[in-house]
Amino acid sequence: WEGLLAGSYTILGQLYGAAPDPVQNFTATNGDTQVQLAWQNPGDVHFTGTMIRVKGGSFPTSATDGTLVVDKAGAPGASDMFVHTGLTNWTTYYYSAFAHDNGVNFSPAAQVLATPPPPAFSNKSLTRRKPLAGSTVGAR
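Residues are numbered in the numbering used here as their position in the sequence shown, beginning at 1, plus a constant of 8.
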(Lines of atoms letter the chains of each structure in order from A and count residues from 1; the text may use other names and numbers.)
(Lines give C-alpha, C1' and ligand atoms only; values in the text may rest on other atoms or scores of the structure.)
Protein backbone atom coordinates (compact mmCIF):
# COMPACT_ATOMS: atom_id res chain seq x y z
CA TRP A 1 0.00 0.00 0.00
CA GLU A 2 1.06 3.59 -0.43
CA GLY A 3 1.03 6.51 1.89
CA LEU A 4 1.77 10.21 1.76
CA LEU A 5 4.97 10.71 3.68
CA ALA A 6 6.77 14.10 3.84
CA GLY A 7 4.91 15.39 0.80
CA SER A 8 5.44 12.39 -1.53
CA TYR A 9 3.82 9.03 -1.98
CA THR A 10 5.86 6.16 -0.61
CA ILE A 11 5.30 2.41 -0.79
CA LEU A 12 4.82 1.39 2.83
CA GLY A 13 4.18 -2.29 2.34
CA GLN A 14 2.84 -4.97 0.04
CA LEU A 15 -0.31 -6.98 0.57
CA TYR A 16 -0.24 -10.70 -0.05
CA GLY A 17 -3.12 -13.04 -0.78
CA ALA A 18 -4.28 -15.75 1.55
CA ALA A 19 -2.23 -18.92 1.81
CA PRO A 20 -3.36 -21.86 -0.33
CA ASP A 21 -5.18 -24.77 1.27
CA PRO A 22 -2.98 -27.65 2.49
CA VAL A 23 -2.22 -30.66 0.31
CA GLN A 24 -4.62 -33.58 0.78
CA ASN A 25 -4.08 -37.32 1.15
CA PHE A 26 -0.39 -36.98 2.07
CA THR A 27 0.96 -40.54 2.32
CA ALA A 28 4.29 -42.30 2.77
CA THR A 29 5.13 -45.77 1.43
CA ASN A 30 8.23 -47.37 2.95
CA GLY A 31 10.89 -49.14 0.91
CA ASP A 32 14.48 -50.26 1.44
CA THR A 33 16.42 -47.00 2.18
CA GLN A 34 13.64 -44.90 0.64
CA VAL A 35 10.18 -43.45 1.18
CA GLN A 36 7.69 -42.68 -1.59
CA LEU A 37 5.67 -39.57 -0.72
CA ALA A 38 2.38 -38.91 -2.51
CA TRP A 39 -0.24 -36.17 -2.22
CA GLN A 40 -3.07 -34.27 -3.91
CA ASN A 41 -2.37 -30.59 -4.65
CA PRO A 42 -5.01 -28.08 -3.47
CA GLY A 43 -7.37 -26.75 -6.13
CA ASP A 44 -6.51 -23.10 -5.35
CA VAL A 45 -5.76 -21.18 -8.57
CA HIS A 46 -2.88 -19.38 -6.80
CA PHE A 47 -1.16 -22.68 -5.90
CA THR A 48 2.25 -23.11 -7.60
CA GLY A 49 4.04 -25.89 -5.72
CA THR A 50 4.58 -28.11 -2.70
CA MET A 51 7.56 -27.89 -0.36
CA ILE A 52 8.34 -31.00 1.69
CA ARG A 53 10.65 -30.83 4.70
CA VAL A 54 11.89 -33.58 7.03
CA LYS A 55 13.20 -33.87 10.59
CA GLY A 56 14.11 -36.61 13.02
CA GLY A 57 12.16 -36.78 16.28
CA SER A 58 9.36 -34.32 15.42
CA PHE A 59 7.50 -32.82 12.49
CA PRO A 60 8.84 -29.65 10.84
CA THR A 61 6.61 -26.80 12.04
CA SER A 62 7.21 -24.28 9.25
CA ALA A 63 8.53 -23.96 5.69
CA THR A 64 11.98 -23.13 7.14
CA ASP A 65 12.14 -25.85 9.83
CA GLY A 66 13.97 -29.12 9.21
CA THR A 67 15.74 -30.15 6.01
CA LEU A 68 14.37 -29.50 2.51
CA VAL A 69 13.44 -32.72 0.70
CA VAL A 70 11.88 -31.17 -2.42
CA ASP A 71 10.14 -27.99 -3.57
CA LYS A 72 8.11 -29.28 -6.48
CA ALA A 73 6.10 -27.17 -8.90
CA GLY A 74 2.66 -28.56 -9.65
CA ALA A 75 -0.77 -27.89 -11.11
CA PRO A 76 -3.76 -27.10 -8.87
CA GLY A 77 -5.76 -30.22 -8.05
CA ALA A 78 -3.22 -32.65 -9.57
CA SER A 79 -1.83 -35.76 -7.87
CA ASP A 80 1.90 -35.70 -7.28
CA MET A 81 4.70 -37.77 -5.76
CA PHE A 82 8.39 -37.82 -4.89
CA VAL A 83 10.73 -40.62 -3.81
CA HIS A 84 13.09 -39.65 -0.97
CA THR A 85 16.15 -41.89 -1.34
CA GLY A 86 19.41 -42.49 0.52
CA LEU A 87 17.70 -43.03 3.87
CA THR A 88 18.79 -45.16 6.81
CA ASN A 89 16.62 -48.22 7.46
CA TRP A 90 14.85 -48.42 10.85
CA THR A 91 15.10 -44.63 11.26
CA THR A 92 11.82 -42.72 11.59
CA TYR A 93 11.49 -39.68 9.34
CA TYR A 94 8.91 -36.96 10.07
CA TYR A 95 7.64 -35.16 6.95
CA SER A 96 5.65 -31.93 6.58
CA ALA A 97 4.25 -30.79 3.23
CA PHE A 98 3.49 -27.10 2.64
CA ALA A 99 1.50 -25.93 -0.40
CA HIS A 100 2.56 -22.48 -1.57
CA ASP A 101 1.87 -19.73 -4.11
CA ASN A 102 4.50 -17.73 -6.01
CA GLY A 103 4.84 -15.33 -3.08
CA VAL A 104 5.57 -15.97 0.58
CA ASN A 105 2.32 -17.73 1.44
CA PHE A 106 2.55 -21.29 2.77
CA SER A 107 -0.35 -23.49 3.83
CA PRO A 108 -0.60 -25.21 7.19
CA ALA A 109 1.39 -28.45 7.19
CA ALA A 110 0.14 -31.85 6.12
CA GLN A 111 2.16 -34.44 8.05
CA VAL A 112 3.18 -38.06 7.73
CA LEU A 113 5.93 -40.22 9.22
CA ALA A 114 7.76 -43.21 7.79
CA THR A 115 10.31 -45.82 8.90
CA PRO A 116 12.01 -47.60 5.99
CA PRO A 117 12.66 -51.29 6.70
CA PRO A 118 15.52 -53.40 5.32
CA PRO A 119 14.74 -55.90 2.56
CA ALA A 120 12.88 -58.92 3.87
CA PHE A 121 14.63 -62.26 4.20
CA SER A 122 13.32 -64.88 1.83
CA ASN A 123 12.98 -68.50 2.86
CA LYS A 124 15.43 -69.43 0.09
CA SER A 125 18.14 -67.35 1.74
CA LEU A 126 18.05 -69.53 4.86
CA THR A 127 20.12 -72.72 4.83
CA ARG A 128 18.91 -75.77 6.70
CA ARG A 129 21.80 -77.46 8.47
CA LYS A 130 22.04 -80.97 9.74
CA PRO A 131 22.46 -81.35 13.51
CA LEU A 132 25.91 -82.27 14.78
CA ALA A 133 26.61 -85.95 15.40
CA GLY A 134 25.30 -86.93 18.81
CA SER A 135 22.98 -83.91 18.98
CA THR A 136 19.42 -84.41 20.11
CA VAL A 137 18.19 -81.22 18.41
CA GLY A 138 15.28 -82.14 16.20
CA ALA A 139 15.51 -85.82 17.19
CA ARG A 140 12.26 -87.76 17.41
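The beta-carbon is built from N, C-alpha and C at its ideal position, and this holds for glycine as well.
(request) Identify every residue that forms a DSSP beta bridge with His-108. (result) Gly-57, Phe-114
(request) Report buried or exposed for Gly-51, applying the criterion of at least 16 other Cβ atoms within 10 angstroms of its Cβ. (result) exposed
(message) Tell me which residue opens and which closes the beta strand (DSSP E) that Gly-39 is part of.
(response) 32-39
(message) In whole angstroms, give me the CA-to-CA distance for Trp-98 and Ala-122.
(response) 9 Å
(message) Whether or not the stretch 112-126 and the stretch 76-84 are in contact is what I'm after, with contact meaning three or more pairs of Cβ atoms, one per stretch, closer than 8 Å; do they touch?
(response) no
(request) Name the two residues that bound the continuous beta strand (DSSP E) containing Ser-87. (result) 87-93
(message) Residues in the same chain with beta-carbon distance under 6 Å from Ala-46, minus the five sequence neighbours each way, listed in chain order, please.
(response) Thr-35, Met-89
(request) Taking Phe-106 as the reference, give the member of Thr-41, Gly-25, Asn-49, Thr-93 with the closest Cα. (result) Asn-49
(request) Quick one: using the 10 Å Cβ neighbour count with 16 as the cut-off for buried, is Gly-25 buried or exposed? (result) exposed
(request) Could you tell me which residues DSSP pairs with Thr-75 in its beta bridges? (result) Val-62
(message) Alpha carbons only, please: which of Thr-37, Phe-55, Asn-38 is nearest the one belonging to Lys-80?
(response) Phe-55
(message) Tell me the residue span of the beta strand (DSSP E) that contains Ala-46.
(response) 42-48
(request) Can you check DSSP and say which residues form a bridge with Ala-81? (result) Gly-57
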